[in-house]
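S.K.: Numbering (the working numbering), first residue to last: 772 to 1515. Where is the CB? At the ideal position from N, CA and C, for every residue including glycine. Please read through the structure below; I'll follow up with questions.
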Amino acid sequence: MLKTFRLQLRFLVPLVVILTGTAYLAVPLMDRLTLRWFARDLDMRGNLVANALADSLTDAETRGRKLQAIFDRAVQDERLVAIGWCSPSGQVLRRTARFPKDLECSHAKEVAADRVATMNIEGGSVHVSFHPIVGEAGAAGDLVLMHDLSFIERRSQDTRKYLIILIATLGGAIALVTVIVAQLSWRGWVSGAHALLRGEGLLKPMLPPSPELAPLAADLRERLRDLEDEYRRMPRSDEGWSAERLQSLLRTQLRGDEVIVVSNREPYIHEKQQDGSLVVRRPASGLVTAVEPVMRACSGTWIAHGSGSGDRAAVDRHDHVPLPPGEDEYQLRRLWLTEEQEQGYYYGFANEGLWPLCHVAHVRPVFREQDWEHYRNVNQLFADAVVAEARSEDPVVLVQDYHFALLPAMVRRKLPRATILTFWHIPWPNPESFGICPWRREILEGMLGSTILGFHTRYHCKNFIETVDRYLEARIEHEHSTITYGGEDTLVESYPISIEWPSPEEAREWPSPGQCRTELFERLNIPAGHRVAVGVDRFDYTKGILERLNAVERLLEKHPEWRDRFTFVQVAAPSRGALEEYRAFRERIERATARINERFGRPDAPVVRLLAQHHDHDQVMRLYRAADVCMVTSLHDGMNLVCKEFVAARDDERGVLVLSRFAGAAREMPEALVVNPYHVEETADALHQALTMPPAEQRERMASLRSTVHEYNVYRWAGRMLADAARLRLRQRVSDRVQRHSVA
Ligand code: F6P
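Listed below in structure tokens is the structure:
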């Protein structure tokens, strides 16, 4: 209201100024004009009087006796004030009482010649007219008539008054009409502009904008087209994803919104040394490999379990630590778990229950009531930490993995406007397999608290949707891959995870493959001339390490030419060693290694080198560059990043990848030698094929694999997910606006 009044003042003030100015100029002009009109009238009247008196003035007899009486009678007229009669020589012969005694005829003639012909005499101002009278005998004299002007002044005062009243009334009326019209137009304009911003008449040609807003609509349309062009010029979603592009997506489409990551495994672990000093270590985790570059790009907060012996010593009083060490690009919030909690939630429910349940790797899942309790409590603990860390009511929360199936719904309850993206890093089984979980309903409900639920492959999405269909009463829209449950929508989509493609600067630092090979041969004392295959995994029964060793054994049985010419290096990072299943698995691997080495190796040159310790990124890269073959034989894997890292390391375009068809990666990497790891014969043959593959074929396959992994990198994984999140957030904002509008 105040705003519109101010706007109206902008119009009213100039209006008042103009009207006052007009009155100021118009009043004297009007005065002069009316005076001139009246002077003309009085001239005509004077002529009339002069004509009426002409006979008397030319008649000698009348002139002699009666002239004075005629003049005196004539000045009884209300308007005619005085009369003078001048002789042809200019002398005043007769005059009435008010005719000025000292006025000469010549002066009276001069005054009468003026446009307004006005002079002051006793009793007020008069209009003077001069009329030559001609008789039969020629010029008889001149008649000077003086008419009263006071009535003209009275009239002109009246006119002035009416003029001012007229201007004031007109001004008032104009101001009133203007205020009303301005008010109505302003309201119309504002609601028209709102409609435009909602896209009416802009995006829907059926509803053209009002004519006043048409130019604005045209400008807006043009601007939108510019933005659309700009958007189109951005590299398409399936090409050219980089940290910069992800950052620009976060800045533009997500408008710099807050990003919070939740995972069980932390990206850096501080370990306390015996001398009390701290060392930082990167865990062997595909999740960390994928999420860390994304986190660096978006500088958010990562919440994870502080599992290292030196973790508490490294945090501030809010349990925060800036990461990566020395670069401080994002912050880690560590959460502390008791031993029982870790045992129940992580080892128990997550890794003895959900892990074998989802991998279907023929290890029986174990479900304990107590583990479930811990799992629920720890999920709540992490959900509370998300709420505590959130600086806004609608952060983007990236929930990682099967450790947090219940957390999405828990966060949704506290932050209903949050965008929750849950990514399930492991496979999702079919409904029958999943059905054996006693808490299947709670798990599905928890996950459906997510805005977006991501899996590596379409196949896992399909399994999940079918599981929900089987166990919950939810509305499923297959066309859009959405599930509506409890009034909330969840988009179920596949986002194949990947690695960060090494930058040219990083690749330049790498030692050459030849150098890596020499170092490896020296370190492990591998006989010169041996061909080398490698496997890099956590010590996990899903990775198919045993099947791989069986294939190596079968290769040496089938192709004796490889005996004493072949070494297999298996890096196996210790993992979940507190679990009996994992300990037993490790023992099985050690037994198989010993058996093969006994059968085909020499004491100084074993065939299988089992390196059961953690290797850092740099050591693993050197191993990949030194190898002839990389074997990834998972029995079931969501994606598997080892195969992608191997390909990224081989900028010499050499080396062969043997890949399990049960790893999600097999769908993207058909140029690998794809095998069924359960089929020992097939895997042994693939290994033989790899070892004998001509360099040209290696190059051809490797070049194609490299271009796929380069393009389908981890920024694309995160970028596609975040772009979908941005789209859903925009949709949410628009629907909020529409709702607000319809309520108003
Ligand atoms: O594959 C699932 C996963 O969470 C990976 O993302 C990760 O590499 C692995 O398990 C690590 O497991 P943990 O954190 O138990 O060592």
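Taking the alpha helix (DSSP H) that E1264 falls in, what are its first and last residues?
M.R.: Looking up residue 1264 in the sequence shown gives position 493. No alpha helix (DSSP H) holds E1264; the beta strand (DSSP E) holding it covers E1259 to S1265.
S.K.: Does the beta-carbon of Y795 have 16 or more other beta-carbons within 10 angstroms, so that it is buried, or is it exposed?
M.R.: For the purposes of this step, residue 795 is identified with residue 24 of the sequence shown, where counting begins at 1. It counts as exposed.
S.K.: Enumerate in chain order the residues of its own chain whose CB-to-CB distance from S877 is below 7 Å, with the five nearest sequence positions on each side excluded.
M.R.: In the sequence shown, residue 877 corresponds to position 106, counting from 1. Hits under 7 Å: G861.
S.K.: Between which residues of its own chain and P1200 is the CB-CB distance below 7 Å, once the five residues before and five after are set aside?
M.R.: As a working mapping, residue 1200 is identified with position 429 in the sequence shown. So the list reads L1128, C1129, V1131 and N1234, once near-sequence residues are dropped.
S.K.: Which of the three DSSP states, helix, strand or coil, is assigned to A1496?
M.R.: Position 725 of the sequence shown holds residue 1496. Helix.
S.K.: Would you mind working out which of D848, L1350 and I923 sits nearest N1122, comparing C-alpha positions?
M.R.: Here residue 1122 corresponds to residue number 351 of the sequence shown, with the count starting at 1. Taking only the C-alpha atoms, the option nearest N1122 is L1350.
S.K.: Can you list, in chain order, the residues of its chain whose CB lies under 6 Å from that of S896, leaving out five sequence neighbours each side?
M.R.: Indexing the sequence shown from 1 puts residue 896 at position 125. Only T889 and L920 meet the Cβ criterion.
S.K.: Hey, would you say the C-beta of L1058 is under 6 Å away from at least one heavy atom of the ligand F6P?
M.R.: As a first step, residue 1058 is located in the sequence shown; it is residue number 287 there, counting from the start. Correct: L1058 has its Cβ closer than 6 Å to the ligand F6P.
S.K.: Just checking S1346 against the ligand F6P - is the residue's beta carbon closer than 6 Å to any of the ligand's heavy atoms?
M.R.: Residue mapping note: residue 1346 aligns to position 575 of the sequence shown, counting from 1. Yes, the ligand F6P has a heavy atom inside 6 Å of this Cβ.
S.K.: Could you name the residues of the same chain whose beta carbon sits closer than 7 Å to that of T1313, not counting the 5 residues immediately before and after it, in chain order?
M.R.: Numbered from its first residue, the sequence shown carries residue 1313 at position 542. The answer, listed in chain order, is H1130, A1132, S1405, L1406, H1407 and D1408.
S.K.: Can you check whether the CB of E1271 is closer than 7 Å to the CB of P1064?
M.R.: Against the sequence shown, residue 1064 aligns to sequence position 293. Against the sequence shown, residue 1271 aligns to sequence position 500. Their beta carbons are under 7 Å apart, which means P1064 touches E1271 by this criterion.
S.K.: According to DSSP, is E983 helix, strand or coil?
M.R.: Position 212 of the sequence shown holds residue 983. E983: helix per DSSP, three-state reduction.
S.K.: Run through DSSP, which three-state label would V1239 get?
M.R.: The count along the sequence shown starts at 1 and reaches residue 1239 at position 468. Note: V1239 maps to helix in three-state DSSP.
S.K.: Does the beta-carbon distance from K1185 to V1158 come in below 7 Å?
M.R.: For this step, residue 1185 is matched to residue 414 along the sequence shown. For this step, residue 1158 is matched to residue 387 along the sequence shown. Yes, Cβ-Cβ distance for K1185 and V1158 is below 7 Å.
S.K.: So within the segment 1384-1425, which uninterrupted beta strand (DSSP E) runs reach at least 3 residues, ignoring any that extend past its ends?
M.R.: 1400-1403
S.K.: Using the C-alpha atoms, what's the distance from P1179 back to G1217?
M.R.: As a working mapping, residue 1217 is identified with position 446 in the sequence shown. As a working mapping, residue 1179 is identified with position 408 in the sequence shown. Taking the straight line from one Cα to the other gives about 6 Å.
S.K.: Pairing CB atoms from the segment 1252-1266 with CB atoms from the segment 1389-1405, are three or more of them under 8 Å?
M.R.: Touching, no, given that fewer than three Cβ pairs across the two stretches are closer than 8 Å.
S.K.: Which residues in the same chain have their Cβ closer than 7 Å to the Cβ of F842, if we skip the five residues on either side of it in sequence?
M.R.: Position 71 of the sequence shown, counted from the first residue, corresponds to residue 842. Result list for F842: I854, R865 and T867, in chain order.
S.K.: Please work out which residues of its chain come closer than 8 Å, Cβ to Cβ, to A1365, disregarding the five sequence neighbours upstream and downstream, and give them in chain order.
M.R.: One-based indexing of the sequence shown puts residue 1365 at position 594. Here the set comprises nothing.
S.K.: Going by the beta-carbon positions, is the gap between T1228 and I1191 smaller than 7 Å?
M.R.: Within the sequence shown, residue 1228 is the residue found at index 457, counting from 1. Within the sequence shown, residue 1191 is the residue found at index 420, counting from 1. Not closer than 7 Å, so no.
S.K.: How big is the Cα-Cα spacing for M977 and H965?
M.R.: Sequence index remark: in the sequence shown, residue 977 carries index 206 (1-based). Sequence index remark: in the sequence shown, residue 965 carries index 194 (1-based). In this prediction, M977 has a pLDDT of 45, which is less than 50 and means its spatial position is unreliable; nothing more can be read from the coordinates.
S.K.: Could you spell out the range, first to last residue, of the alpha helix (DSSP H) harbouring S1431?
M.R.: The residue labelled residue 1431 in the question sits at position 660 within the sequence shown. Premise fails: S1431 lies in the beta strand (DSSP E), V1427 to S1431, not in any alpha helix (DSSP H).
S.K.: Check whether the segment 1357-1364 and the segment 1481-1489 are in contact - that is, three or more C-beta pairs closer than 8 Å.
M.R.: no
S.K.: Please report the distance separating the alpha-carbon of V863 from that of R803.
M.R.: As a first step, residue 863 must be located in the sequence shown, where it is residue number 92. As a first step, residue 803 must be located in the sequence shown, where it is residue number 32. Approximately 31 Å, taken between the alpha carbons.
S.K.: In its own chain, which residues sit with a C-beta less than 7 Å from the C-beta of P1273, not counting the 5 before and 5 after it?
M.R.: Your numbering for residue 1273 matches position 502 in the sequence shown. Here the set comprises A1419.
S.K.: Between the segment 1077-1087 and the segment 1028-1043, can you find at least three pairs of beta-carbon atoms closer than 8 Å?
M.R.: As far as the Cβ criterion goes, the segment 1028-1043 touches the segment 1077-1087, which means the pair count is three or higher.
S.K.: Inspect the beta-carbon positions of T1193 and L1224 and report whether they are closer than 7 Å.
M.R.: Here residue 1193 is taken as the residue at index 422 of the sequence shown, counted from 1. Here residue 1224 is taken as the residue at index 453 of the sequence shown, counted from 1. Against a cut-off of 7 Å, the Cβ pair of L1224 and T1193 comes out as a contact.
S.K.: Among the candidates V1182, G1057, E1110 and A1437, whose CA atom is the shortest distance from the CA of H1388?
M.R.: Walking along the sequence shown from the start, residue 1388 turns up at place 617. Taking only the C-alpha atoms, the option nearest H1388 is G1057.
S.K.: For C857, which residues does DSSP report across the bridge?
M.R.: Your numbering for residue 857 matches position 86 in the sequence shown. Note: C857 sits in a beta bridge opposite V863 and D913.
S.K.: For P1096, which residues in the same chain have their Cβ closer than 8 Å to its Cβ, ignoring the five residues on either side in sequence?
M.R.: Here residue 1096 refers to the residue found at position 325 of the sequence shown. Closer than 8 Å at the Cβ level, and outside the excluded window around P1096, lie Y1039 and V1051.
S.K.: Any idea if V787 is buried or exposed, counting beta-carbon neighbours within 10 angstroms, 16 or more meaning buried?
M.R.: Here residue 787 refers to the residue found at position 16 of the sequence shown. Flag for V787 reads exposed.
S.K.: When you compare the segment 1328-1342 with the segment 1295-1312, are there three or more beta-carbon pairs, one atom per stretch, that lie closer than 8 Å?
M.R.: yes
S.K.: Enumerate in chain order the residues of its own chain whose CB-to-CB distance from A1245 is below 6 Å, with the five nearest sequence positions on each side excluded.
M.R.: Counting from 1 along the sequence shown, the entry for residue 1245 is found at position 474. So the list reads V1239, I1254 and Y1256, once near-sequence residues are dropped.
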